[in-house]
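Structure first, then comments.
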Amino acid sequence: MIQMYNVSKVFSNGVEALNNVNLHVGKGEFVFLIGPSGAGKTTLMRLIFREELPSSGHVIVDGRNIERLSACKVPYLRRSIGVVFQDFRLLDNRTVFENVAFALRVTNAPAADVEKRTRRVLDMLGLGHKKSFTPLQLSGGEKQRVCIARAVINNPSILLTDEPTGNLDPDMSLEIMDILAEINGKGTTLIVATHNSQLVNKMGKRVIGLVNGEVSSDRPKGVYSYS
């Protein structure tokens with residue numbers, strides 16, 4: 516599903532974010548990506564989503580070499596990848612329903628399909644009763660669930676989440692992780708970048724550690740340790 520071969524990323528200011536990374540994430544896997552701040556976790560996920568291109572090496576996503584994709588094919592790659600951001604990136608002047616439906620409308624989905632699928636995913640995430648609220652009227656956990664709804668409404672084969680519980684209390688963090696695990700259980704490949712050691716230790720999933728842009732550890736049922 517996701518393969519990286521000798522991938523390095525050096526930004527224009529000379530900062531080396533990734534150095535000779537090699538990894539493989541199979542279809543339907545649940546992977547935690549851990550490491551200290553600045554280790555390269557966010558950069559690695561941006562390569563998968565093609566927000567960045569590698570300076571060297573190759574990134575293969577669902578059989579497609581991302582640096583060889585023409586500009587017109589990039590949107591189709593991104594439709595197969597859901598992304599959940601730590602800072603939510605919701606439209607404060609739009610309702611919950613409109614924020615989630617927007618992800619479908621940009622694909623020119625029929626209006627009836629947008630209505631049906633948006634209602635279904637909001638109900639799945641326990642947000643049906645909040646559909647007419649704006650993000651300013653929601654708690655942090657509710658905002659995060661809206662972000663997840665928006666990310667999965669196109670039935671992506673890959674879901675990338677960057678610190679999905681970073682702003683939440685322990686109980687809400689566990690609830691969000693249970694939702695992500697349920698989505699993964701339906702076949703979606705899931706990568707979670709996090710500093711939350713308690714959740715990582717509790718879940719018992721594959722853990723990839725990054726340090727100074729290099730893969731420092733890779734354990735199939737790991738705990739929070741990147742040494």
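All letters in the sequence shown, in the order written, are residues 516 to 742 by the working numbering. Where a beta carbon is used, it is the ideal one built from N, C-alpha and C, also for glycine.
Check whether residue i and residue j have beta carbons under 8 Å apart
i, j, result
"D753", "T557", "Nothing about residue 753 can be reported from this structure: the residues present for the chain run from 516 to 742 only."
"M516", "I663", "no"
"I668", "A627", "no"
"L683", "I706", "no"
"L592", "R579", "yes"
"E743", "N535", "No answer is possible for residue 743: the residues shown for the chain start at 516 and end at 742."
"G724", "S731", "yes"
"R721", "F547", "yes"
"L568", "V522", "no"
"G681", "Q601", "yes"
Residue from the options with nearest C-alpha to residue i
i, options, result
"S552", "V726, R660, K736", "V726"
"G572", "F564, I581, E566", "I581"
"T703", "V598, N521, K524", "V598"
"P650", "E630, T680, A666, L606", "L606"
"G541", "Q518, K524, G529", "Q518"
"F603", "E567, M692, A666", "A666"
"N716", "Y739, G700, P735", "Y739"
"N670", "G719, S595, P679, P735", "S595"
Rounded straight-line distance, which links the Cα of residue j to that of residue i
i, j, result
"K645", "V611", "7 Å"
"I694", "L538", "26 Å"
"L637", "L714", "25 Å"
"Q659", "N608", "17 Å"
"D686", "S647", "25 Å"
"V629", "Y741", "42 Å"
"G641", "D577", "31 Å"
"K701", "G655", "25 Å"
"P735", "N614", "36 Å"
"E657", "I575", "34 Å"
Contact belief for residue i with residue j at Cβ below 8 Å, rounded distance in angstroms
i, j, result
"A696", "F545", "7 Å"
inquiry  = My parser needs the beta strand (DSSP E) runs of 3 or more residues fully inside the segment 597-663; what are they?
reply    = none
Entirely enclosed beta strand (DSSP E) segments - the segment 688-724, minimum 3 residues = 704-708
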